[in-house]
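Residue numbers (the working numbering), protein chains in the order written: chain B, 372 to 696; chain X, 15 to 211.
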């Protein structure tokens, strides 16, 4: 921390992990712990004044509980004012374009706009034209960058604790990502992030849910769950998007459970040390056995806690680095 | 940052290791005289070099009174006004604020190496107030280099030095830099630069 030439933040927006350097990712991860400490002040005020008087707008075109509340709480812990716009209450239903809606939000002097949108690329299109700092909170199948950052922070916390090395990174860490890879922006952002940080990634899922040529991202691919987790430090289960089951990408839920579910039986193939992660929301006993999700190897709730700290760090870096103002 | 860029024309030793021992000894005595009840005192070192100074003062106080004051660290990073106003770049934190005691109704002595503009001390007081309500806050500094921008004065001061706005006072401590010394680095007459407080 701070020994090499310190990297400074130079981006107006956070659109994806793909364009970030390893140093930028590490800057976010190194900035986050001080914000984690703000939320656990047991006496006193769980707030810092870094975004006092700024306006953060949460603009969600898809359902979300975790991500939206996490961003909202992060903004509030930074002392910002917050507004929420959801698709059903916005003028989009009346035919207003994205650009027009954002232009109207900006007319009320927004500083940060957090957007989730079903179309890949929507945050980038907005970021290019508008003055506000845009944070991508998930765009189609493209990216979900803050999820990957909070996952990396959670992994790093545990590796440091487990190995008792306060400066350890993710180099050489073995991460198995299980499930529906092709529809998952979480998987995509995580693959970029983990590869840049030097971790080794194995993807596992039904062949129909595996994007073509994904091996070009520098990952191993298998359809054998036990092989995938056999030397894993982290087992990362993705949510099976039940709403996509209609499109018949796997024969039946029962078959998916039999072949790919992480449960007390299949996890015997993994080393004792392997931790379990999931981006939420969990389909209990479908992709992940409830007993494991609630068990001692699960760090799923720590992911949620770290989410607030990482989002505070991102908003602080975007707003207070003097870029784009 | 900037101070690294302009070349050092002349370097003089302001305080050597022996003088530092003497100065810290005197400051510890003054703290005791002012605060007879050491149980009601906590020393909070401002990161990064205020913390080892706070530890040394605590050890000296323990040697003189048999009582060890509580010690903690303040980062102040999240309360700096130069970040919010965009004057300074966001840098990775030097460390995290940490103390494992309540600060309500006790005397908190803030400890820092160099006092200049006073803005770091303002940030430290704001941060402290978010953790509770100390009975009083005092300030101990090893070096006062002048150039105050806020009405803040030390209660316990090592030495005061008179320097030009371009000059840099560099405090080096055994714990962080391998040796105990305070240097005055005279710089060329560079254009106005941001001051470290």
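All C-beta atoms, glycine included, are put in the ideal place defined by N, C-alpha and C. Predicted model only: the values in this text are computed from it and were never measured.
In the three-state reduction of the DSSP assignment, residue 75 of chain X falls in the helix class.
Using a C-beta cut-off of 8 Å, the region 139 to 150 of chain X makes no contact with the region 167 to 180 of chain X, since fewer than three inter-stretch Cβ pairs fall below that distance. For the region 609 to 657 of chain B, the full-length beta strand (DSSP E) segments reaching 3 residues or more read 646 to 648 along the chain. The shortest CA-to-CA distance from residue 543 of chain B to any of B:551, B:526, B:537 is the one to B:526.
Under the 10 Å beta carbon count, residue 392 of chain B is surrounded by fewer than 16 other beta carbons and is classified as exposed.
The three-state reading of DSSP puts residue 113 of chain X in coil, since its state is none of H, G, I, E or B.
In terms of Cβ geometry, residue 556 of chain B and residue 511 of chain B form a close pair [threshold 8 Å]. Going by DSSP, residue 575 of chain B is part of no alpha helix (DSSP H) but of the beta strand (DSSP E) stretching over 571 to 575. Nearest to residue 142 of chain X by C-alpha distance, out of X:41, X:59, X:200, is X:59.
Counting along the chain, residue 399 of chain B sits inside the alpha helix (DSSP H) bounded by residues 393 to 410. Residue nearest to residue 421 of chain B within the set B:694, B:541, B:683 is B:683 (criterion: CA-CA distance). Per DSSP, residue 193 of chain X lies in no alpha helix (DSSP H) and is assigned neither H nor E. Within the region 408 to 468 of chain B, complete beta strand (DSSP E) segments of at least 3 residues are found at 426 to 431, 452 to 457, given in chain order.
In this structure the region 492 to 503 of chain B does not lie against the region 409 to 420 of chain B, because fewer than three pairs of beta carbons, one per stretch, are closer than 8 Å. When DSSP states are grouped into helix, strand and coil, residue 675 of chain B belongs to the helix group. Below the 7 Å Cβ cutoff, chain B contributes 404, 405, 408 as neighbours of residue 110 of chain X, in chain order. Listed along chain B, the residues sitting closer than 8 Å to residue 91 of chain X by beta-carbon distance are 405.
In the assembly as shown, residue 115 of chain X is an exposed residue. Its beta-carbon has fewer than 16 other beta-carbons within 10 Å. DSSP places residue 90 of chain X in the coil class of the three-state scheme, outside both helix and strand. Minimum Cα-Cα distance from residue 685 of chain B among the listed residues B:624, B:659, B:524 corresponds to B:524. Residue-level contact by beta carbon holds for residue 145 of chain X and chain B, with a gap shorter than 8 Å. A residue is called buried when at least 16 other Cβ atoms come within 10 angstroms of its Cβ; residue 82 of chain X does not meet this threshold and is exposed. The bridge partners DSSP lists for residue 605 of chain B are B:546, B:646. Residue 470 of chain B carries a helical assignment under DSSP once its states are collapsed to helix, strand and coil. With at least 16 other beta carbons inside 10 angstroms of its own, residue 648 of chain B counts as buried. Around the beta-carbon of residue 490 of chain B, fewer than 16 other beta-carbon atoms lie within 10 Å, marking it exposed.
Note: residue 56 of chain X is bridge-paired with X:84, X:122 in the DSSP secondary-structure output. Each of B:651, B:655, B:549, B:567 was checked against the Cα of residue 606 of chain B, and the nearest Cα belongs to B:549. Look at residue 158 of chain X here: in three-state DSSP terms it is strand. Exposed is the label assigned to residue 188 of chain X, since fewer than 16 other Cβ atoms lie within 10 Å of its Cβ. Residue 484 of chain B has its alpha-carbon roughly 16 Å from the corresponding atom of residue 450 of chain B.
The beta-carbon distance between residue 597 of chain B and residue 637 of chain B, rounded to whole angstroms, is 7 Å. This is short enough to meet the 8 Å contact definition. Under the 8 Å Cβ criterion, the region 46 to 59 of chain X counts as touching the region 116 to 123 of chain X, having at least three qualifying pairs. The continuous alpha helix (DSSP H) containing residue 560 of chain B extends over residues 556 to 567.
Put simply, the CB of residue 692 of chain B is near chain X, with a gap under 8 Å to one of its CB atoms. Within chain X, the residues placing a beta-carbon under 9 Å from that of residue 414 of chain B are 116, 117, 118, 145, 146, ordered along the chain.
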